[in-house]
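Working notes, structure below.
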Amino acid sequence: MKLSAQEFEKLLVPPGHISQDKFATALEESRNSGTNLWEVLVGNDLIRDGDLARLVAESRGLHWLDLGRETIDPVIFNQVPELVAKKRRVIAVSRSVDGIKAGLVDPTDLATIHLLEKRLRDRVVPYLISRRELESALANYRGGLREEFNATLEHIMKGEFNREERDGAVIKLVDLLLRYGQESKASDVHIEPEPGKVLVRFRIDGVMHDIVEIPKNLHEVILARIKILARMRIDEHRSAQDGKLQFLSNDEAVDVRVSTVPVTNGENAVLRLLSEQSRRFSLSDLGLSEADLEKVKLAIKNPHGIILVTGPTGSGKTTTVYSLVKILNTRDVHVSSIEDPVEYDIEGVSQIQVDPKVNLTFASGLRAIVRQDPDIIVVGEIRDEETAGIAINSAMTGHLVLSTLHANDAATTLPRLLDMGIEPFLVASTVNVIIAQRLVRKICDRCRVSIGPTPEILGLIEREGEIKAAFKRLGITSTKKLTLYHGSGCEVCSHTGYAGRVGIFEVMEMTEALKKLVVERARVQEIVKAACTKSGGKANEGMTLMLEDGIAKVLAGVTTFDEVVRVARA
873 MKLSAQEFEK
883 LLVPPGHISQ
893 DKFATALEES
903 RNSGTNLWEV
913 LVGNDLIRDG
923 DLARLVAESR
933 GLHWLDLGRE
943 TIDPVIFNQV
953 PELVAKKRRV
963 IAVSRSVDGI
973 KAGLVDPTDL
983 ATIHLLEKRL
993 RDRVVPYLIS
1003 RRELESALAN
1013 YRGGLREEFN
1023 ATLEHIMKGE
1033 FNREERDGAV
1043 IKLVDLLLRY
1053 GQESKASDVH
1063 IEPEPGKVLV
1073 RFRIDGVMHD
1083 IVEIPKNLHE
1093 VILARIKILA
1103 RMRIDEHRSA
1113 QDGKLQFLSN
1123 DEAVDVRVST
1133 VPVTNGENAV
1143 LRLLSEQSRR
1153 FSLSDLGLSE
1163 ADLEKVKLAI
1173 KNPHGIILVT
1183 GPTGSGKTTT
1193 VYSLVKILNT
1203 RDVHVSSIED
1213 PVEYDIEGVS
1223 QIQVDPKVNL
1233 TFASGLRAIV
1243 RQDPDIIVVG
1253 EIRDEETAGI
1263 AINSAMTGHL
1273 VLSTLHANDA
1283 ATTLPRLLDM
1293 GIEPFLVAST
1303 VNVIIAQRLV
1313 RKICDRCRVS
1323 IGPTPEILGL
1333 IEREGEIKAA
1343 FKRLGITSTK
1353 KLTLYHGSGC
1363 EVCSHTGYAG
1373 RVGIFEVMEM
1383 TEALKKLVVE
1393 RARVQEIVKA
1403 ACTKSGGKAN
1413 EGMTLMLEDG
1423 IAKVLAGVTT
1433 FDEVVRVARA
């Protein structure tokens, strides 16, 4: 089902969902890049994916399905083969009194509906779903991939091959391992040699999972195959190496950053999976609240100054920066970046990879970028005084600078810059906004159930003044009757109760009051108090603390209380 640009415009502009100017800009981007207009609208945070699907369904008189709220029946789901589901862009969801509930990207595709009715031997009721929802639901097929991987491994272990046959089996095994990791939504695949065996582990939603044990005698041939793909030296085993490769998964190009290091039992390999899906994240997808989202959108309209994203390693800082760059990267500006490493290639951005071997550091690269007449500068990370100083000076001379910094929260970022030797008045006059963040695991939508607060949770709230204060600031004085949620465990989430991650944030705008405190080198506690109080003097109209944002997501059923406490207080 295709909608013309005129149909999208009629659907979105007159009712006021999107302004005429923003729609025209999105349409131009769609035509220039060849990207589907739906994806451009959602990707640029002009409208949420589910809202657009609902509007399209209503305009065409179709049923709309919110897959995030549906329970998929695995028996019905698996009656449609994976290849058919991908090719026809359809999933079978469940059975009702009216027939089989099916989600289609094009519910008017009568040929697909007839095919499903013939295969399922029942009436099919078509519902509109978006491409993004379909891609997420297709992950339910990963169980079949796991079985194929294990079967191939068992075949290699038992079989007697000649060298050519063995090499072909190893090639298939590595290919399956990469696809298995991608469809399991793993961010990293770890291949770790141990005495007598090799352990394969996936990092999924920030947590390591043991996947399979591989015989020690296969370690070298598997590693050699990976090194060949990543254009690394296969005869080098005593020093660390880095490389890159790419593979296809569901017609999607997945970039893989490969790192090998020698350890006592052989060579350890870590494969970082960087999928196209990660590049499509928009700011609203990341988990920013409406209030924080407006603060960030206002900050990036400023033609100069610094936007800082802070948090520990693995907190999603780079993804947030790329989401901002995606919005800012238009044809009328020049964007340059210095990164270590360059995780994603962004069309239209001049990206520089840090290389200490040729003295290309953040500082020297940033100094060179400034001479390239950029409008927007992206610094992968501010690590030292020299890089911080150049970034500050760039912001002072009319550039918009985006960067990341290691700090525990938004307020401690300011003293951190001062500790790097930056003059207080320069920090006060250049920093526009600071985004502090962590990543928490989301409750699996398929097995989410409501629960009451446990005695342990109630005791923790009473003992910890910080948590108790957060509930109070959210307007909750009694916690005994709270409705919380958790995942009971299912096939979709591998019985963990969690599927995917979302950010918890605090966004600090540099108000006049905060600038004054920075110049005076005020304590962090004073900065936090001022940031959480708006100029009118009313509390809770200013910055929302990260813990409060997390608790709000707990109450909304997005994540669990234990997860927020674990991450926000780390």
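Sequential numbering from 873 applies to the sequence shown in this note's numbering.
Glycine included, every Cβ here is placed at the ideal spot set by N, Cα and C.
What did DSSP end up calling residue i once you bin it into helix, strand or coil?
| i | result |
| --- | --- |
| Lys958 | helix |
| Tyr999 | strand |
| Arg993 | coil |
| Gly1337 | helix |
| Glu1219 | coil |
| Lys1198 | helix |
| Gly1186 | coil |
| Thr1136 | coil |
| Thr824 | Past the boundaries of the shown model lies residue 824; the chain is included only from 873 to 1442, so the question cannot be answered. |
| Ser1444 | Given a span of 873 to 1442 for the chain in the structure shown, any question on residue 1444 remains unanswerable. |
| Lys1344 | helix |
| His1081 | strand |
| Ile985 | helix |
| Val1242 | helix |
| Ile1264 | helix |
| Leu1170 | helix |
| Gly933 | coil |
| Glu1108 | coil |
| Gly1237 | helix |
Is the Cβ-Cβ distance between residue i and residue j less than 7 Å?
| i | j | result |
| --- | --- | --- |
| Gly1261 | Cys1316 | no |
| Phe1074 | Leu1048 | no |
| Lys973 | Ser966 | yes |
| Gly971 | Asp945 | no |
| Glu984 | Val969 | Correcting the residue type first, residue 984 is Thr in the shown sequence and not Glu. Result no, Cβ atoms of Thr984 and Val969 do not sit closer than 7 Å. |
| His1206 | Asp1247 | yes |
| Ala1371 | Cys1365 | yes |
| Glu1378 | Met1415 | yes |
| Ile1001 | Leu937 | yes |
| Ala1267 | Gly1177 | yes |
| Glu1064 | Asn950 | no |
| Glu1085 | Leu1095 | no |
| Val1130 | Val1093 | no |
| Thr1285 | Ile1306 | yes |
Could you compute how far the alpha carbon of residue i sits from the alpha carbon of residue j?
| i | j | result |
| --- | --- | --- |
| Arg1097 | Val1142 | 14 Å |
| Glu1037 | Thr1024 | 13 Å |
| Glu1019 | Val885 | 48 Å |
| Gln1225 | Val1214 | 6 Å |
| Gly1409 | Ile1423 | Residue confidence is low: Gly1409 scores 44 on pLDDT, short of 50, so the model does not pin down where it sits. Its coordinate-derived value is still stated next. Spanning the two alpha carbons is a distance of roughly 24 Å. |
| Leu927 | Pro1134 | 55 Å |
| Pro1296 | Asn1174 | 21 Å |
| Glu1338 | Ile1323 | 23 Å |
| Arg1438 | Pro1184 | 14 Å |
| Leu939 | Ala898 | 26 Å |
| Thr1432 | Glu1124 | 32 Å |
| Thr1405 | Glu1420 | 15 Å |
| Ser1195 | Ile919 | 15 Å |
| Gly1270 | Gly1138 | 51 Å |
| Asn1412 | Ile1329 | The predicted position of Asn1412 is uncertain, since its pLDDT is 43 and thus under 50; no value can be drawn from it. |
| Leu1354 | Ala1394 | 38 Å |
| Met1029 | His1081 | 23 Å |
| Ala1440 | Met1418 | 7 Å |
| Lys1044 | Lys894 | 47 Å |
| Gln1397 | Glu1384 | 17 Å |
| Ser1161 | Val1374 | 11 Å |
| Leu1277 | Leu1200 | 20 Å |
| Gly888 | Ser902 | 21 Å |
What residue range is occupied by the uninterrupted alpha helix (DSSP H) comprising residue i?
| i | result |
| --- | --- |
| Asn904 | 892-905 |
| Thr943 | Careful: Thr943 lies outside any alpha helix (DSSP H) and carries neither H nor E. |
| Gln1118 | Taken as a continuous stretch (DSSP letters only), Gln1118 belongs to no alpha helix (DSSP H), being part of the beta strand (DSSP E) at 1113-1121. |
| Gln878 | 877-884 |
| Ile1161 | One point to set straight first is that residue 1161 is Ser, not Ile, in the sequence displayed. From DSSP, Ser1161 is part of no alpha helix (DSSP H); its letter is neither H nor E. |
| Gly915 | 909-915 |
| Ala1440 | 1433-1440 |
Note the first and the last residue of the continuous beta strand (DSSP E) segment covering residue i.
| i | result |
| --- | --- |
| Leu976 | 971-976 |
| Val1230 | Taken as a continuous stretch (DSSP letters only), Val1230 belongs to no beta strand (DSSP E), as it is neither H nor E. |
| Val1250 | 1248-1251 |
Scan the region 1355-1430 and note each continuous beta strand (DSSP E) run of 3 residues or more that stays entirely inside, going in chain order. Runs of the beta strand (DSSP E) spanning 3 or more residues and lying entirely within the region 1355-1430 occur at 1356-1359, 1370-1381, in chain order.
Could you name each continuous alpha helix (DSSP H) segment of 4 residues or more that falls completely within the region 1027-1098, going from the start of the chain to the end? Whole alpha helix (DSSP H) segments, 4+ residues: 1035-1055.
Report the residue ranges of all alpha helix (DSSP H) runs contained in full by the region 1267-1329; include only those spanning at least 4 residues, in chain order. 1282-1291, 1296-1302, all fully within the region 1267-1329.
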